[in-house]
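S.K.: In my numbering, the protein residues as written are 5 to 635. C-beta atoms are modelled at their ideal positions from N, C-alpha and C, and glycine is treated no differently. None of these values were measured; they are calculated from a predicted model. Let me give you the structure first, and then I'll get to my questions.
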């Protein structure tokens, strides 16, 4: 048989067709029927496939995806953001910092402490402790979680990142923030003679920031408040530690006193702290050796105002044992019950508090156990190692700058120095921290202090962004400022950066803003400069005729629009657009306002302000404290 007469099956086998005509007709009918069924099935498949594809494309377009996303891929369900708690700062919500320290991060070779011949010791009094390992580890996380149970600003610049002195948003009635109004004044402070008996300490100076606390009802009901304050359901209390030796307490709304002042009996120049657990504990530090007895730090019960603890800063174990001031504003790690407090004697102290307290209870007790850390370099004299800045903490890393221009990263659990960065001049600023892509960065600036000899000169105030894990300098810039170095430090008139920076949020989250004093001449001129955080290039600047030592402060409306407020040395308060640097308004604060004794004389702002919702509180060198409404 010829293979041309055969047919090929799908399996490549051959068969011979039938030659019967009737059989051929039947086969043809069956074949046509089969072909019709196949064609109908194909057309149906095409129709339904196209219809389903159009539906899928419509769904993809509705969800913002292109046609390329037709294939559905399973994705993990995101972790829901926890709802904000009543005590948490809305300005910092939600938490964004991961706070995970990379132990393998490579230290910048220029920041290796061993290169400078570091000697470091852990001490209890004068006794050196070997092989220190903290029994209750310190680990502080996102600043939103710094405090619980009590809302407000409970330490200098708010929290362990030192990144805000503002709580909440400003909500003007007409939706626009365009003016400042003085709504109250307290002017009942006294004075206290300095330790060298050459002048009187008065009012509030650097840093002098008030605290603002919205207590829980159970704690508020246990405290020795005046009857009117205790009866107020929405009481927000202002706490001010002053140079006359008293701690004062006011109602935020009207400036009326909420309880009797606490008499410390020593001048307090820095900013106190309230326990971030919402406990009725107040931590205050002495600024001059003019106390009734001792020179150091104090812990008070705010249930009844009694002193619970005193620690002497004239420590025999210190390199600078003749000066025991605690100008630094301390932090408390609430999870480990640990107080962290640098001292001007050059020791970084931690106190395991052993707190015994039940919320709302009629008593509170502590039994602090102190451990200190001291250090020195081959190129440093011990008398320069005091710390006036307030420590910032990221995880178990603490950041501070000493009086010898050393910006230090310290592991608080091992008490081992991680790195040290030498700035180009002196700085008393508190390192301001911000996490970017899982890495902490530090913003800091200097005074003009060490760049010339005795007399007046112009120098550079240096400004830095530093990698908090490695010490590497990300960028550096500077601003020209004037200064005067006297024969003694008492006669210095220092220019440069003395107020802490603003770390922008919301609409200005890409900016960091510094204030530079004496930019025109000695005792003249001030400049606010906004820098882009990523590059350090200038975004805008705002010039003032009068210099300022007070820290600028940021506030925001609920749409995220940013406003900067800064007070100067003759009592003027400026309101500036945070996005553009343009002035919106300003006021001149007055003493004894609304009386025949009203005057603008003696109003000098040097202390830093605090903002709670739409009210700013700031103290003066003359002894007045003002409430300013932001409208």
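State whether the segment 572–592 contacts the segment 520–538, with contact taken as three or more CB pairs (one from each stretch) at a distance under 8 Å.
M.R.: At 8 Å Cβ cutoff, the stretches touch.
S.K.: Roughly how many whole angstroms lie between the Cα atoms of residue 84 and residue 552?
M.R.: So the alpha carbons of these two residues sit roughly 44 Å apart.
S.K.: Using the Cα positions of residue 592 and residue 157, report the straight-line distance between them to the nearest angstrom.
M.R.: Roughly 25 Å separates the two Cα atoms.
S.K.: Just tell me which of 519, 633, 627 and 634 has its CA closest to the CA of residue 204.
M.R.: Ranking 519, 633, 627 and 634 by Cα distance to residue 204 puts 627 first.
S.K.: Applying the criterion that 16 or more other CB atoms from any shown protein chain within 10 Å of the CB defines a buried residue, is residue 8 buried or exposed?
M.R.: Since pLDDT at residue 8 reaches only 40, below the 50 mark, its modelled position is unreliable, and the value read off the structure follows with that caveat. By the neighbour-count rule (16 or more Cβ atoms within 10 Å), residue 8 is not buried but exposed.
S.K.: Work out the CA separation of residue 79 and residue 58 for me, nearest whole Å.
M.R.: Since pLDDT at residue 58 reaches only 48, below the 50 mark, its modelled position is unreliable, and the value read off the structure follows with that caveat. Cα-Cα distance, rounded: 23 Å.
S.K.: Enumerate, from N- to C-terminal direction, the unbroken alpha helix (DSSP H) stretches of 4 or more residues contained entirely within the segment 82–117.
M.R.: Segments of the alpha helix (DSSP H) lying fully in the segment 82–117: there are none.
S.K.: Inspect the CB distances between the segment 460–479 and the segment 438–448 and report whether three or more fall short of 8 Å.
M.R.: Yes: the two stretches touch, three or more of their Cβ pairs being nearer than 8 Å.
S.K.: For residue 334, which option in 159, 624 and 560 has the closest C-alpha, if you only look at C-alpha atoms?
M.R.: When each option's Cα is compared against that of residue 334, the closest is 159.
S.K.: Cβ of residue 120 within 8 Å of Cβ of residue 408?
M.R.: Their beta carbons are not under 8 Å apart, which means residue 120 does not touch residue 408 by this criterion.
S.K.: Where residue 304 and residue 290 are concerned, what is the direct C-alpha to C-alpha distance, given to the nearest angstrom?
M.R.: For residue 304 and residue 290, the distance between alpha carbons rounds to 13 Å.
S.K.: Helix, strand or coil for residue 338, going by three-state DSSP, please let me know.
M.R.: Correct three-state label for residue 338: coil.
S.K.: Using only the alpha-carbon positions, how far apart do residue 519 and residue 504 sit?
M.R.: Using only the alpha carbons, I get a separation of about 8 Å.
S.K.: For a quick check, are the C-beta atoms of residue 595 and residue 189 less than 8 Å apart?
M.R.: In contact: residue 595 and residue 189 (Cβ atoms closer than 8 Å).
S.K.: Rounded to a whole number of angstroms, what is the C-alpha to C-alpha distance between residue 210 and residue 184?
M.R.: Near 23 Å, if we compare the C-alpha coordinates of residue 184 and residue 210.
S.K.: With DSSP run on the structure shown, which of helix, strand or coil describes residue 432?
M.R.: If DSSP states are grouped into helix, strand and coil, residue 432 belongs with coil.
S.K.: The beta strand (DSSP E) with residue 469 in it runs from where to where?
M.R.: Residue 469 -> beta strand (DSSP E) spans 459–471.
S.K.: Which class does residue 388 belong to by DSSP, given the choice of helix, strand or coil?
M.R.: Three-state result, residue 388: helix.
S.K.: Quick one: grab the DSSP three-state call for residue 706.
M.R.: Summary: the structure shown does not reach residue 706, with the chain confined to residues 5 through 635, and so no result is reported for it.
S.K.: According to the Cβ coordinates, are residue 3 and residue 301 closer than 8 Å?
M.R.: Only positions 5 to 635 of the chain appear in this structure, which leaves residue 3 out of reach.
S.K.: Could you confirm whether any beta carbon from chain D is found closer than 8 Å to the beta carbon of residue 529?
M.R.: Going by chain labels, chain D is absent from the structure shown, which holds only one protein chain.
S.K.: Is the segment 158–174 touching the segment 600–609 in the sense that three or more CB pairs, one from each, lie closer than 8 Å?
M.R.: As far as the Cβ criterion goes, the segment 600–609 does not touch the segment 158–174, which means the pair count is below three.
S.K.: In whole angstroms, what is the alpha-carbon distance linking residue 633 and residue 516?
M.R.: The straight-line gap from Cα to Cα measures roughly 25 Å.
S.K.: With distances taken from CA atoms, which of 128, 261, 138 and 122 is nearest residue 242?
M.R.: That would be 261, whose Cα lies nearest to the Cα of residue 242.
S.K.: Determine the DSSP secondary structure at residue 120, reduced to helix, strand or coil.
M.R.: Helix at residue 120.
S.K.: Taking contact to mean 3 or more Cβ pairs, one atom from each stretch, closer than 8 Å, check whether the segment 556–565 and the segment 477–495 are in contact.
M.R.: Touching, no, given that fewer than three Cβ pairs across the two stretches are closer than 8 Å.
S.K.: On the three-state DSSP scale, how would you describe residue 152?
M.R.: Correct three-state label for residue 152: coil.
S.K.: Among 175, 430 and 186, which has the Cα closest to the Cα of residue 598?
M.R.: Ranking the options by Cα distance to residue 598, first place goes to 186.
S.K.: Rounded to the nearest angstrom, what separates residue 410 and residue 180 at their Cα positions?
M.R.: Roughly 43 Å between the two C-alpha positions.
S.K.: Determine the burial state of residue 169: buried for a count of at least 16 other Cβ atoms within 10 Å of its Cβ, exposed for fewer.
M.R.: Buried is the call here.
S.K.: What is the DSSP secondary structure of residue 419, counted as helix, strand or coil?
M.R.: In the structure shown, residue 419 sits in coil (DSSP, three-state: anything other than H, G, I, E or B).
S.K.: According to DSSP, is residue 493 helix, strand or coil?
M.R.: Of the three classes helix, strand and coil, the one that applies to residue 493 here is helix, per DSSP.
S.K.: Please return the same chain residues whose Cβ sits closer than 7 Å to the Cβ of residue 246, not counting the five positions on each side in sequence.
M.R.: Same-chain partners within the cutoff: 193, 207, 208, 252 and 272.
S.K.: Just tell me which of 92, 309, 215 and 487 has its CA closest to the CA of residue 147.
M.R.: Of 92, 309, 215 and 487, the residue nearest in Cα terms is 92.
S.K.: For residue 463 and residue 222, I'd like the C-alpha separation in whole angstroms.
M.R.: Their Cα atoms are separated by approximately 54 Å.
S.K.: DSSP three-state call for residue 232: helix, strand or coil?
M.R.: Of the three classes helix, strand and coil, the one that applies to residue 232 here is helix, per DSSP.
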